[in-house]
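In what follows, a structure is listed as structure tokens, so that the remarks can point back to it.
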Amino acid sequence: MQAVVYARYGAPEVLQLVDIPKPQPKANEVLIRVHATSVTIGDVRMRSFTVPRGQWLFARLYLGVLKPRRPILGMELAGEIEAIGSAVTRFQVGDAVFASTFEANFGGYVEYKCMKEDGLLAIKPANLTFAEAAVAVGGGISALRCLQRGALQPGQKILIYGASGAIGTNAVQLARNHFGAAVTGVCSTANLELVKSLGAVEVIDYTREDFTQRGAVYDVVFDAVAKFPPARAKHALKPGGVYLNAHRDTDARSGLTMQQALRLLKELLEAGKLKPVIDRSYPLAQIVEAHRYVETGHKRGNVAITLTPAP
Ligand SMILES: NC(=O)c1ccc[n+]([C@@H]2O[C@H](COP(=O)([O-])OP(=O)(O)OC[C@H]3O[C@@H](n4cnc5c(N)ncnc54)[C@H](OP(=O)(O)O)[C@@H]3O)[C@@H](O)[C@H]2O)c1
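For the sequence shown, numbering that gives the first Met the number 0 assigns the number 0 to the initial residue and increments by one for each residue that follows.
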């Protein structure tokens, strides 16, 4: 089968399309024929080994000291189950599924992927394409966990900084449609209309205005791209307000496990409360171009990678 591997850290060109053996599912695993995956900023950082200075050693030990320990990137995917192991009861051959590979050694850039049936996978929402379902997972779970951690309440005012990214586009929709909050989205000029269309009642162009100058008016400030100085962002909070950051608050402290978040995400996608935003789609063979684009740091929502047959 075809797969994109990287044998060393570096520029997008380290990604190579190669043939590797097709995996066989173990007793408790399903074999997924992957129809779509994605390029996230996380894939780009792992490929290039771009990590904050203080985390270099930890990241190197986690990702691989001399070379990448997990040579196939791709944190989320959607596809169809082609075979199941002898002990599998939750899924059947032919089921369309979407999944996070976060606890499965990554590895979405492949034609076939084995995953444990009790892993981070679920039946794909029928109202989404495979590409939409694939890109929904990471940003959706992260946004959901952050907002849950902030205990966002109906009627509260939330400011979402970086509202046009993968987490941001999910956060705007979830804050409004699931938590019932009034959203102010902060993004650049080119993305104002997009963020408004996702449900923000107000948008602020960060290239023209510093949102903290509007005073302490928000119950929650969520920096969804972790690019605004936290101490300054807190000036926009009402007394007792909550500050959230995509680098700090996407973990289980929200009270939602990854499994619970995936199940809730599926319900919200099926109910139409959340619609994944796809900026560009590339075929697997153009993974280098896709990485170059995501590396700019300015994608809108998500970048999908499609495999044949086209979803
Ligand atoms: N996606 C995930 O599953 C996930 C999970 C956990 C943590 N994280 C972390 O959370 C952060 C955000 O992830 P992401 O996937 O949402 O990123 P992303 O999609 O790559 O973010 C791209 C967006 O960021 C905006 N942006 C760039 N510079 C900005 C600035 N100075 N001020 C405001 N907006 C700016 C860009 O809009 P403009 O073009 O308008 O500038 C663009 O739309 C990353 O550090 C990531 O590592 C991500």
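Idealized CB from N, CA, C, for every residue including glycine.
- Taken in chain order, no unbroken stretch of alpha helix (DSSP H) lies wholly in the stretch 96-126 with a span of 4 residues or more.
- The beta carbon of Ala289 sits closer than 7 angstroms to the beta carbons of Val38, Tyr281, Val302, Ile304 from its chain, once the five residues preceding and following it are set aside; these are given in chain order.
- Assignment of Phe129 by DSSP, reduced to helix, strand and coil, places it in the helix class.
- Contact between Met257 and Phe101 holds: CB atoms are separated by about 7 angstroms, below the 8 angstroms threshold.
- Check the Cα spacing between Ala26 and each of Lys115, Gly53, Ala165: the tightest is with Lys115.
- Three or more beta-carbon pairs separated by less than 8 angstroms link the stretch 118-127 to the stretch 260-272, which places the two stretches in contact.
- Per DSSP, Leu273 lies in no alpha helix (DSSP H) and is assigned neither H nor E.
- Contact between Ala98 and Leu72 fails: their C-beta atoms lie close to 15 angstroms from each other, not under 8 angstroms.
- According to the DSSP assignment, Ala181 belongs to the beta strand (DSSP E) that extends over 181-186.
- Between the beta-carbon of Ala180 and that of Gln147 there is about 12 angstroms, and that puts the pair past the 8 angstroms contact cut.
- Asp42 carries a helical assignment under DSSP once its states are collapsed to helix, strand and coil.
- Cβ-Cβ separation between Tyr160 and Asp222: approximately 5 angstroms, consistent with a contact (criterion under 8 angstroms).
- Gln259 has no beta-bridge partner at all, per DSSP.
- For Leu283, the number of other beta carbons within 10 angstroms of its own is at least 16, and it is reported as buried.
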